[in-house]
Structures are given as C-alpha cells and as structure tokens.
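The structure appears below as structure tokens.
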Amino acid sequence: MLGDVLLAATQLAGDRVPPGVCRALAVCMHFLFLSAFFWLNTMCFNIWWTFRDFRPTSLERGQEACRLRVYQVYAWGAPLALAGAGALLDRLPAAAAAGYLRPRFAVRRCWFYGDAEVLVYFFGPVGVLLLVNLALFVSTTRQLTCGLWRRDEVKSTSERAALGRVCAKLVVVMGVTWVADVVSWAAGGPAYLWYATDLLNALQGLFIFLVAGCQPHAWAAAKRAAAALCARRGRHARHAAHSSSHLPSCGESLTHTTAAPAPQPPAAPTVPTAPTAPGAPAAPAAPPARLPMETVC
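If you read the sequence shown in full-length UniProt numbering, its first letter stands for residue 1, the second for the next number, and so on.
Pasting the structure below:
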C-alpha cells in the first residue's frame, strides 16, 4: 500500500520532483514492491505447507515463533538485498559499472530507465516468484482434488461446492492473477484488455481480508483481544486511582505535624516511707513535690 501511495504521488507530481528525492522514492518503491511479492510468496508457501498432507499438525508456540522469524528474514531480507544492490549499482560511476546494467533511477521518471532495467531488477525476480506461487497453487489444488475430495467423507454436493469455493479463494489469495500483470507488460497491446486483471490485482488486499479476516474464529479472536485490552486498561485505571487515594495532601501533612501531642514530663520519683509501729502516731504527710517551672511551661 505504501508503495502504491508513493507511485501515485510521483505520477501526480510529474517533473516537479527534485532529482535526489526522485531517486530516493524510486529506491523505496523498488524495495516495497519487492517486499510485497516476497511476502505473497511466503504466504503461498505457508498455505502449501498446511495442505501438503491432511495429517493433523500441532506446533508449539516456540516453533511457530521460529517459523515466523524465518519468514520475516526471507520476506524482508531478500528484497533489501536486491534493492540495495540496485541502489549501489545506480550510484557507481559509469566507468566503474561498464559491464553491468545500471537501474538509472530518476533519469526519465521516478522509476527505472527502460524496459531492460525493469526486467532485470523488477519483473525478473517477480516473475520467478509468481512461477513458484503458481506451482504451489497447482500442488495445493491437487492435494484438495485428488486427496480430500476422494475421501468418503466428502460426497455431498454442498461439500464439493465448499471445496470449490476454497480453490477459488486460493486463486485470489495466492496471487495467481499477478501472472497476467507480467504477461501484459511483456505482450503490450491496448491497455483496456488488462483492466479486469488490473482491478483484481488492485483489490487483492481487500479479497485477502474478506477471505481470512471475515471468519468466525477470526472475529472471536479479535473480540477476545479487545476484551483483554479493555480489562487491562481497567486494571491500570483502578490501580492508579487506588494509589492516588493513599497519597497524603499538603494540608493533611501540616495538620498531622501541628497536632502532634506534646511529650509528657517524667514522673517524679516516689520516696518510700518507713513502716510505723502499731499505736504510734502517724507521721505528718510530706508536702507534695513541686515540679520545676520549665517543665510546666
């Protein structure tokens, strides 16, 4: 999508784009378009790997994460290497790159110079990927038609129609219609002959969303993720409110400081009295002990 946006911007701008910016946009579009086709190839391989046999396979979370890392290294690394090589050759002087076909970005437009450069740096790798995707599609449909459809469980017309819809979805998801785009570039001819395939290719992202995203299990997973996110935010909000309610304010700390009780003076020691004999007159009571004034004040 980002590559299409950049392509539309360069076409609308025309010759008003500076040469340096035009060259940078061409390199970015080259990388983004190659990444899209390499990710499409990765998705086709994953679909073929799923339908290669009908034995139940269960992968642990670590194995799934490892496979995803391998996919990412392939789908991002290969386009980066190809686009980087093209950008490096484009910056070399003409004398140093005499034996190589340079892309020559931003000479005529914000893209490659001519058809030879487009074939070597773009449609050549993309054509190889599309041939691999086509082979994976044929193998997957063969597994469905000669494997699953031959089973005794699939006998009714509705089940066969459902599997037929699966094959039709695979045509769109696995990008089989992109072969027509390469053929149209190579064959030429009137542009209106390829409007249908161009429209299908432009809407491929929407079709993939409808095929993969609008499924009951996908909606259920999205609802669970949204509920977990809302619950996490609610817990954070309650924790923040609970923490703020236990923080003392300035007025409370001042009140507690000024209202602290004064220390009590130490009690005066008591003088023990000697016991009196029976019948003897009682001794006069001792005067009460006087506290020092500084203690009272």
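Virtual Cβ for every residue (Gly too), placed ideally from N, Cα, C. Predicted, not measured: the structure shown is a model, and the values here were computed from it.
Quick check on this structure: which residue in 90, 139, 238, 52 has the alpha carbon closest to the alpha carbon of residue 30? On the sequence shown, position 30 is the one that residue 30 refers to. Minimum Cα distance to residue 30 is reached at 90.
Is it the case that the segment 42 to 51 contacts the segment 131 to 141, given that we only count it when at least three CB pairs across the two stretches are under 8 angstroms? yes
Three-state secondary structure (DSSP) of residue 11: Within the sequence shown, numbered from 1, the residue matching residue 11 stands at position 11. Three-state result, residue 11: helix.
Here's the rule I'm using: 16 or more other beta-carbon atoms within 10 Å means buried, otherwise exposed. How should residue 139 be labelled? Start at 1 with the first residue of the sequence shown, and residue 139 comes out as number 139. That one is exposed.
For residue 177, which residues of its own chain have a beta-carbon under 8 angstroms away from its beta-carbon, when the five flanking residues on both sides are left out? Residue numbering aside, residue 177 sits at position 177 when the sequence shown is read from its first letter. Taken in chain order, the residues that qualify are 171, 197, 200, 201, 204.
Given residue 26 as reference, the closest of 39, 11, 238, 224 once Cα atoms are compared: Along the sequence shown, one-based indexing puts residue 26 at 26. The shortest Cα separation from residue 26 among 39, 11, 238, 224 belongs to 11.
Going by DSSP in three states, residue 98 sits in which element: helix, strand or coil? Position 98 of the sequence shown holds residue 98. Residue 98 falls in the coil class under three-state DSSP.
Nearest to residue 37 by alpha carbon, out of 8, 88, 182? As a first step, residue 37 is located in the sequence shown; it is residue number 37 there, counting from the start. Checked all of 8, 88, 182; the closest Cα to residue 37 is 182.
Sequence-distant residues of the same chain with beta carbon closer than 6 angstroms to residue 112, five excluded per side: Taking the sequence shown and counting its residues from 1, the one referred to as residue 112 is at position 112. Only 103, 118 meet the Cβ criterion.
Could you spell out the range, first to last residue, of the alpha helix (DSSP H) harbouring residue 110? On the sequence shown, residue 110 is found 110 positions in, with the first residue counted as 1. No alpha helix (DSSP H) contains residue 110, which DSSP labels as neither H nor E.
By Cβ distance, which residues of its chain are closer than 7 angstroms to residue 208, with the 5 residues on each side in sequence left out? Locating residue 208 in the sequence shown gives position 208, where the first residue counts as 1. Hits under 7 angstroms: 173.
Between the Cα of residue 123 and those of 75, 9, 180, spot the shortest distance and give me the residue it belongs to. Translated into positions along the sequence shown, residue 123 becomes position 123. For the residues 75, 9, 180, the minimum Cα distance to residue 123 belongs to 180.
Can you check which of these residues, 83, 34, 15, 99, is closest to residue 304 by C-alpha distance? Missing from the structure shown is residue 304; the chain here goes from 1 to 297 and no further.
On the premise that residue 125 lies in contact with residue 82, defined as a C-beta separation below 8 angstroms, what is that separation, rounded to the nearest angstrom? Translated into positions along the sequence shown, residue 82 becomes position 82. Translated into positions along the sequence shown, residue 125 becomes position 125. At roughly 6 angstroms, the Cβ-Cβ gap stays under 8 angstroms, so residue 82 and residue 125 are in contact.
Outcome for residue 195 when other beta-carbon atoms lying within 10 angstroms are tallied against a minimum of 16: Numbered from its first residue, the sequence shown carries residue 195 at position 195. Label assigned to residue 195: exposed.
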